[in-house]
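K.L.:
2 protein chains.
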Amino acid sequence: MDLLLFSGGDMRPYRERVLAEIRASLGDATTLHFAPWALAHHDQYTARVQEGFAPPGVTVVGLHAVSDPRAALAQAQALFVGGGNTFRLLKALQTLDLVEIVRQRVTAGELRYIGASAGSNVACPSLRTTNDMPIVQPASFEAFGLLPFQINPHYVEGSTSPGGETRDTRIAEFLEENDVAVLGLREGSWLRRRGDTLHLEGVAGAKLFRRGFDPVEYEPGTDLSWLLTLTPRFDSAG
Amino acid sequence: MDLLLFSGGDMRPYRERVLAEIRASLGDATTLHFAPWALAHHDQYTARVQEGFAPPGVTVVGLHAVSDPRAALAQAQALFVGGGNTFRLLKALQTLDLVEIVRQRVTAGELRYIGASAGSNVACPSLRTTNDMPIVQPASFEAFGLLPFQINPHYVEGSTSPGGETRDTRIAEFLEENDVAVLGLREGSWLRRRGDTLHLEGVAGAKLFRRGFDPVEYEPGTDLSWLLTLTPRFDSAG
């Protein structure tokens with residue numbers, strides 16, 4: 009299994025490192041299939057990814073533009089799932105019946121998975137740790153489940169609105185209802201999973217939240233493989 | 009129909025006005041039934057509401073503490089739905105089978121409805137304009153539907169995270185998927201519906217977002233009854 013999961017945000021300041029990571033994910037693949045459904049304008053979004061994040065010689069193919077996205081994913085070598093609204097993304101993946109084929113082929117090591125923001129969130133068991141507004145209703149909150157814990161993308165300390173609650177408060181509420189670890193991935197951070205190993209990379213670090221533990225800060229370069237041995241327990245009231 | 013819908017946040021700075029509004033909602037009722045499920049600690053939350061927001065002579069009864077909340081709501085004169093996490097609140101209301109009885113009795117003018125934050129959000133057709141994290145999965149996003157438009161509680165301009173999107177961006181994404189008006193209700197604002205009239209009250213104003221229109225700012229005291237004539241169209245891509 010090969011996963012590359014970016015927190016998201018503005019990745020231009022460290023674009024060269026991002027490109028090198030994407031290149032490492034692709035191996036000898038020259039086509040990168042792109043899932044653009046988290047945003048409304050699929051052609052534009054696909055063009056932006058081609059321009060900004062495709063290594064030289066790699067063609068980005070928007071899955072919205074192929075006649076049978078499921079058949080394309082049954083053959084693809086590499087998938088990039090882009091950010092935007094996580095609810096809209098997951099609903100599209102479910103409606104197009106793409107969840108199971110991606111889960112199977114990524115787990116089998118046949119399809120490399122790259123995600124950013126919402127695309128990293130749906131690599132988790134559930135979308136329950138998204139920051140997004142629930143603008144559409146997916147059939148279920150269940151996502152690809154390529155990790156046994158949750159990522160909170162764009163993790164940030166402090167209040168997110170005047171008088172408002174912090175991200176930490178939201179994650180604490182998540183932990184009241186679910187006994188599942190949450191990795192708050194700061195913008196500028198990413199995770200690389202290869203088989204049974206998991207490493208935190210990038211320039212910004214991450215913070216881990218678990219029920220019954222104080223939050224723990226991790227620096228880029230940390231081996232987090234032990235997170236892959238956790239068992240998530242959703243809807244388990246604290 | 010009598011609705012009183014607060015944006016939420018810290019209401020202590022204008023507590024006397026809030027108390028006067030709640031008193032006006034209650035009429036001669038001396039019991040206020042309280043739905044505490046948006047937060048995890050129901051006894052504490054009920055005690056806080058009794059202490060902070062019950063007019064003299066009014067007893068707050070936590071619906072979590074009665075043997076049959078549905079039977080209690082079939083007889084109640086006034087319901088206060090408190091804020092917290094909107095997903096947790098709506099899931100509890102659905103699981104306890106309270107949605108239909110509240111909708112029917114409020115619509116019939118038999119039950120006065122007071123909401124704050126999440127409690128105002130679920131008075132709308134859907135929870136789709138909540139700011140909260142989807143920590144649990146409700147059976148459906150459909151809520152009480154006591155208004156034909158959506159409220160965004162705690163509405164605020166500007167970015168809500170470093171490099172992050174603004175509330176306006178999120179609401180614009182909502183409008184891409186749904187042809188439904190969204191009233192961004194600032195903290196310090198509330199709505200009063202009496203039958204076919206709707207007024208914006210409080211100290212802070214609100215901003216209305218509609219597909220195909222520029223956002224419009226409204227001052228406290230504005231008659232917004234025309235919003236009650238709108239028809240919401242969910243899942244209508246723009």
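Protein chains in written order, with the working numbering: chain A, 9 to 246; chain B, 9 to 246. The C-beta atom is built at its ideal place from N, Cα and C for all residues, glycine as well. What you are looking at is a predicted structure, and each value in this text was computed from that prediction instead of being measured.
Between the C-alpha atoms of A/L155 and A/P133, what's the straight-line distance to the nearest angstrom?
P.N.:
Position 147 of the first sequence, counted from the first residue, corresponds to residue 155 of chain A. Position 125 of the first sequence, counted from the first residue, corresponds to residue 133 of chain A. Using only the alpha carbons, I get a separation of about 7 Å.
K.L.:
Within its chain, find whatever has a CB closer than 8 Å to the CB of A/Y226; leave out the 5 residues flanking it on each side and keep chain order.
P.N.:
On the first sequence, residue 226 of chain A is found 218 positions in, with the first residue counted as 1. Excluding residues within five positions, the ones whose Cβ falls inside 8 Å are L208, G213, A214, K215, L216 and L232.
K.L.:
Where B/Q58 and B/N129 are concerned, what is the direct C-alpha to C-alpha distance, given to the nearest angstrom?
P.N.:
Walking along the second sequence from the start, residue 58 of chain B turns up at place 50. Walking along the second sequence from the start, residue 129 of chain B turns up at place 121. Using only the alpha carbons, I get a separation of about 22 Å.
K.L.:
Inspect the beta-carbon positions of A/G70 and A/T94 and report whether they are closer than 7 Å.
P.N.:
Taking the first sequence and counting its residues from 1, one reaches residue 70 of chain A at position 62. Taking the first sequence and counting its residues from 1, one reaches residue 94 of chain A at position 86. Taking 7 Å as the Cβ cut-off, A/G70 and A/T94 do not qualify as a contacting pair.
K.L.:
Per DSSP, what kind of secondary structure is A/S134 in: helix, strand or coil?
P.N.:
The sequence position of residue 134 of chain A within the first sequence is 126, counting from 1. Three-state DSSP puts A/S134 in a strand.
K.L.:
Going by DSSP in three states, A/R218 sits in which element: helix, strand or coil?
P.N.:
As a working note, residue 218 of chain A is residue 210 in the first sequence. A/R218: coil per DSSP, three-state reduction.
K.L.:
For A/T38, which three-state DSSP category applies?
P.N.:
To locate residue 38 of chain A, count along the first sequence from 1; it is residue 30. Correct three-state label for A/T38: coil.
K.L.:
Within 7 Å of any Cβ in chain A, is that where the Cβ of B/N129 sits?
P.N.:
Residue 129 of chain B sits at position 121 when you count from the first residue of the second sequence. It does not; no Cβ of chain A falls within 7 Å.
K.L.:
Specify the secondary structure class of B/I143 as computed by DSSP and reduced to three states.
P.N.:
By 1-based counting over the second sequence, the position of residue 143 of chain B is 135. The answer is coil: DSSP assigns B/I143 none of H, G, I, E or B.
K.L.:
So what's B/V114 in DSSP terms, helix, strand or just coil?
P.N.:
Taking the first residue of the second sequence as position 1, residue 114 of chain B is located at position 106. DSSP places B/V114 in helix when its eight states are reduced to three.
K.L.:
Tell me whether B/H50 sits in a helix, a strand or coil according to DSSP, three-state version.
P.N.:
Your numbering for residue 50 of chain B matches position 42 in the second sequence. Helix, per DSSP.
K.L.:
Could you spell out the range, first to last residue, of the beta strand (DSSP E) harbouring A/N186?
P.N.:
Here residue 186 of chain A corresponds to residue number 178 of the first sequence, with the count starting at 1. From DSSP, A/N186 is part of no beta strand (DSSP E); its letter is neither H nor E.
K.L.:
Check A/T239 in the structure and name its three-state DSSP category.
P.N.:
For the purposes of this step, residue 239 of chain A is taken as residue 231 along the first sequence, with counting starting at 1. Coil at A/T239, not helix or strand.
K.L.:
From A/D51 to A/H72, what does the alpha carbon distance come to, in whole angstroms?
P.N.:
Within the first sequence, residue 51 of chain A is the residue found at index 43, counting from 1. Within the first sequence, residue 72 of chain A is the residue found at index 64, counting from 1. Cα to Cα, the separation comes out at about 8 Å.
K.L.:
List, in chain order, every chain A residue whose beta-carbon is nearer than 9 Å to that of B/R178.
P.N.:
Taking the second sequence and counting its residues from 1, the one referred to as residue 178 of chain B is at position 170. One finds N93, D140, M141 and I143 in chain A with Cβ atoms closer than 9 Å to the Cβ of B/R178, taken in chain order.
K.L.:
Along the chain, where does the beta strand (DSSP E) that runs through B/L208 open and close?
P.N.:
The sequence position of residue 208 of chain B within the second sequence is 200, counting from 1. Taken as a continuous stretch (DSSP letters only), the beta strand (DSSP E) holding B/L208 covers T205 to G210.
K.L.:
Do we get a CB-CB distance below 7 Å when we pair B/R25 with the residues of chain A?
P.N.:
Counting from 1 along the second sequence, the entry for residue 25 of chain B is found at position 17. B/R25 does not count as touching chain A.
K.L.:
Quick check on the DSSP output: the beta strand (DSSP E) that includes B/P161 runs from which residue to which?
P.N.:
For this step, residue 161 of chain B is matched to residue 153 along the second sequence. Residues Q158 to Y163.
K.L.:
If you measure between the beta carbons of A/T137 and A/Q158, is that distance less than 7 Å?
P.N.:
On the first sequence, residue 137 of chain A is found 129 positions in, with the first residue counted as 1. On the first sequence, residue 158 of chain A is found 150 positions in, with the first residue counted as 1. Yes.
K.L.:
Do three or more CB pairs link the segment 91-107 of chain A to the segment 26-35 of chain A at distances below 8 Å?
P.N.:
As far as the Cβ criterion goes, the segment 91-107 of chain A does not touch the segment 26-35 of chain A, which means the pair count is below three.
K.L.:
Whole angstroms is fine: what's the gap from A/R56's alpha carbon to A/R194's?
P.N.:
Along the first sequence, one-based indexing puts residue 56 of chain A at 48. Along the first sequence, one-based indexing puts residue 194 of chain A at 186. Approximately 23 Å between the Cα atoms of the pair.
K.L.:
Less than 7 Å between CB atoms is the rule here; does B/E181 satisfy it with respect to chain A?
P.N.:
Within the second sequence, numbered from 1, the residue matching residue 181 of chain B stands at position 173. True, the Cβ-Cβ gap to chain A drops below 7 Å.
K.L.:
Starting from the beta carbon of A/A48, find every residue of chain B whose beta carbon is closer than 9 Å, and list them in chain order.
P.N.:
As a position in the first sequence, residue 48 of chain A is number 40, starting the count at 1. Within chain B, the residues near A/A48 are E181, E184, E185, A245 and G246.
K.L.:
Nearest chain D C-beta to B/R31 closer than 7 Å, yes or no?
P.N.:
Given the protein chain composition of this structure (A and B), no chain D is represented.
K.L.:
Name the DSSP bridge partner or partners of A/L13?
P.N.:
On the first sequence, position 5 is the one that residue 13 of chain A refers to. Beta-bridge pairing links A/L13 to A/G123 and A/L199.
K.L.:
In the DSSP assignment, the beta strand (DSSP E) including A/L71 goes from what residue to what residue?
P.N.:
For the purposes of this step, residue 71 of chain A is identified with residue 63 of the first sequence, where counting begins at 1. No beta strand (DSSP E) holds A/L71; DSSP gives it neither H nor E.
K.L.:
Tell me, please, whether the CB atom of B/R218 is closer than 7 Å to any CB atom in chain A?
P.N.:
Locating residue 218 of chain B in the second sequence gives position 210, counting from the first residue. For B/R218, the answer is no, since every Cβ of chain A falls outside 7 Å of its Cβ.
K.L.:
Since A/A80 sits in a beta bridge, which residues does DSSP pair it with?
P.N.:
To locate residue 80 of chain A, count along the first sequence from 1; it is residue 72. None; A/A80 has no bridge partner.
K.L.:
Please confirm whether B/F149 and A/Q145 have their CB atoms less than 7 Å apart.
P.N.:
Here residue 149 of chain B refers to the residue found at position 141 of the second sequence. Here residue 145 of chain A refers to the residue found at position 137 of the first sequence. Yes, they are a contact pair.
K.L.:
When you compare only the Cα positions, how much space is there between A/L206 and A/E184?
P.N.:
Along the first sequence, read from residue 1 onward, the residue named residue 206 of chain A stands at position 198. Along the first sequence, read from residue 1 onward, the residue named residue 184 of chain A stands at position 176. For A/L206 and A/E184, the distance between alpha carbons rounds to 26 Å.
K.L.:
Whole angstroms is fine: what's the gap from A/G92's alpha carbon to B/G210's?
P.N.:
Position 84 of the first sequence holds residue 92 of chain A. Position 202 of the second sequence holds residue 210 of chain B. The straight-line gap from Cα to Cα measures roughly 34 Å.
K.L.:
For A/G17, which residues of its own chain have a beta-carbon under 7 Å away from its beta-carbon, when the five flanking residues on both sides are left out?
P.N.:
Within the first sequence, residue 17 of chain A is the residue found at index 9, counting from 1. Correct list, in chain order: H162 and E195.
K.L.:
So with Cβ pairs under 7 Å, would you call A/F14 a contact of chain B?
P.N.:
The residue given as residue 14 of chain A occupies position 6 in the first sequence. With 7 Å as the cut-off, A/F14 does not count as an interface residue toward chain B.
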